[in-house]
Amino acid sequence: MNPNPIRRSPSPLAPPQQPAQFIYATPSPTTTSPYAASQLTGGSPFMASPNGGSEMTTGADGRPLYLCQPFIRAALVTGKFKNIVVLPKYVDVNEWVAINMFDFYTNLNLFLSVFSECCTQASCPTMSAAPGVDYTWVDNNRRQLRLAAPTYIDFVTTWIQNALDDPALFPTKFAHEFPSHFPTMVKQMYRQLLRIFAHLFYAHYPVLLHLHSEGHFNSLFAHFLAFGKEFEILDPRDIRGLGIGDLADRWKEMGILES
C-alpha cells in the first residue's frame, strides 16, 4: 500500500482533490517519439538508454536533454521573469491570476496539439514524469487508475476548460466577485498543468528540439514557475525529485528565476 495519499476525484472530468502525490513504481515502459529514437543512434551526441524507456532523452553524460547546453539556455525572453509576473498597479489580484491562468492553459494547449501524434496510448501507457514516477487518477470508486498519458491529459484539459468557462468561478461581467474558493481551485488547476509540463519535458523533449521550439517551451515553463511562486500558487514540493525541479534550480543559478 502506498503511504502517500492520492488526490481523489469525484468524476473523471474533475481533478483529484487531496494534496498531489506521486506513485513510485518500477520504471514505466513509456517510449520516446519516433524522432527521438531515430536521432539517438549512430553518431549522435546523445545517449540511448539500454532499457529503451523515456530515459533515451538524455545527453552523453546521462542528464536529460533539457538540462544540457545549449538547450537549457534556449529562451524567447531574456532577463528575470519576476518583472513580467508582478501585479500591475491598480489591477485586482484575482483578475491578474485569472488572466494568466487562461493564458498558461491556452499556450500549453497549443503545444499539446503538436504532441498529439507522439504522445499516444501505445507510446505513453502511463502519465510518467521521471524514472519510476507515474501520476495516477482516482475514480468515483476511489480506485487508483494508471491511465495512459493522453487520457490523463484529456481529463485535465477538459476539467480546466470547463472551469474557465464557468462564470461563477471565472466571472466576466462587471461587479461579479470571484468566489471564496477561487484560490483553492486555481492551485488545483496549476498543479495539474504542472504535471503535464513534467510529462512533456520527461517523455517528449526531443520533439521540441526537432521543431526548434525549445525556446518557446522553456520560456512558457519559466513564466509558469515564476508566476506560481510570486502568488504562492505552486507548491515547491510538487517539483521536488523531478527533472523539472532540477531545471528550476539551474534556472535559479542562471538568474532566470528568483531563488
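Convert by adding 1207 to the 1-based position in the sequence shown; the result is the number in our numbering.
For every residue, glycine included, the Cβ atom is placed at its ideal position computed from N, Cα and C.
Owing to the predicted nature of the structure, the values given are computational and were not obtained by experimental measurement.
| Item | Value |
| --- | --- |
| Rounded Cβ spacing between leucine 1400 and phenylalanine 1311 (contact assumed at less than 8 angstroms) | 6 angstroms |
| Contact check, phenylalanine 1434 vs phenylalanine 1288, beta carbons under 9 angstroms | yes |
| Exposure label - leucine 1415; buried when at least 16 CB within 10 Å | buried |
| Runs of alpha helix (DSSP H) lying entirely within the segment 1305-1385, each at least 4 residues, in chain order | 1356-1371 |
| Supposed close pair aspartate 1445, arginine 1398 - CB separation, criterion 8 angstroms | 6 angstroms |
| Alpha carbon of asparagine 1301 to alpha carbon of phenylalanine 1385, nearest angstrom | 7 angstroms |
| Residue burial classification, lysine 1459 (beta-carbon count within 10 angstroms, cutoff 16) | exposed |
| Inter-stretch contact at 8 angstroms, needing at least 3 Cβ pairs: the segment 1348-1361 / the segment 1325-1334 | yes |
| Exposure of isoleucine 1367, with buried meaning 16 or more beta-carbon neighbours within 10 Å | buried |
| Where glutamate 1324 falls, given that 16 or more other Cβ within 10 Å makes a residue buried | exposed |
| Nonlocal neighbours in the same chain, by C-beta distance under 8 angstroms from asparagine 1314, ignoring five residues either side | Leu1427 |
| Histidine 1411 and leucine 1283 closer than 9 angstroms at C-beta | no |
| Assigned secondary structure, arginine 1444 (DSSP; H/G/I helix, E/B strand, else coil) | helix |
| Proximal residues to glutamate 1465 (C-beta, below 6 angstroms), its chain only, five neighbours per side dropped | Lys1289 |
| Of the residues Gly1462, Pro1338, Asp1372 and Asp1346, the one placed nearest alanine 1305, counting alpha carbons only | Asp1372 |
| Contact set for histidine 1430: own chain, Cβ-Cβ below 6 angstroms, skip 5 residues either direction | Phe1288 |
| Contact belief for valine 1340 with leucine 1449 at Cβ below 8 angstroms, rounded distance in angstroms | 7 angstroms |
| Pair within 9 angstroms by beta-carbon distance, aspartate 1469 and proline 1338 | Not covered by the structure: residue 1469. The range shown for the chain is 1208 to 1466. |
| Pairwise C-alpha distance: tyrosine 1359 and phenylalanine 1377 | 24 angstroms |
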